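Participant: Just dropping this structure here.
Residue numbers (the numbering used here): 41 to 194.
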């Protein structure tokens, strides 16, 4: 499993203000091909959502592209440090193209339920092109977990 750990880049993090969140992006299903060959070249990215439901300016996690498939598998794990004030994230599914990437869809996930009592969410998140759509564009399977403690990065 490919792993990226951003905690080693951080120094003296205040655990009262931040959490270490682990994203394990397992796989996805793309329901409609975006390329002329009947397939897609999908990748996933995850970002923070501010309280006003707007994207918080930078992506936390991005997978590699899986070429020519509607059933990509990543088994990609990355730990990130985010503020305790963040209670929603966005998961987006994209198709990589030479000139312009195709947006497939997104899901919003409430991570406020992660606590000392419920430390992970293991779910297939249904992806929709637009909020409120009834037609599903795909599913992304992700395990989201909260670490109990910070590692010593000094």
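Quick reminder that beta carbons are idealized off the backbone N, C-alpha and C, glycines included.
From a predicted model like this one, the values you see are computed outputs, not experimental measurements.
1. Report the three-state DSSP secondary structure of residue 63 (helix, strand or coil).
2. Taking the beta strand (DSSP E) that residue 85 belongs to, which residues open and close that run?
3. Between residue 65 and residue 114, which are expected to be in contact by the criterion C-beta below 8 Å, what is the C-beta distance as a whole number of angstroms?
4. To which residues of the same chain is residue 161 closer than 6 Å at the C-beta, ignoring the five residues directly before and after it?
5. I need the straight-line Cα distance from residue 152 to residue 121, nearest angstrom please.
6. In whole angstroms, give me the CA-to-CA distance for residue 123 and residue 143.
7. Rounded to whole angstroms, what's the CA-CA distance from residue 180 to residue 149? Just pull it up for me.
Facilitator: The relevant details are as follows:
1. strand
2. 82-89
3. 5 Å
4. 184
5. 15 Å
6. 27 Å
7. Distance between the alpha carbons of residue 180 and residue 149 is about 12 Å.
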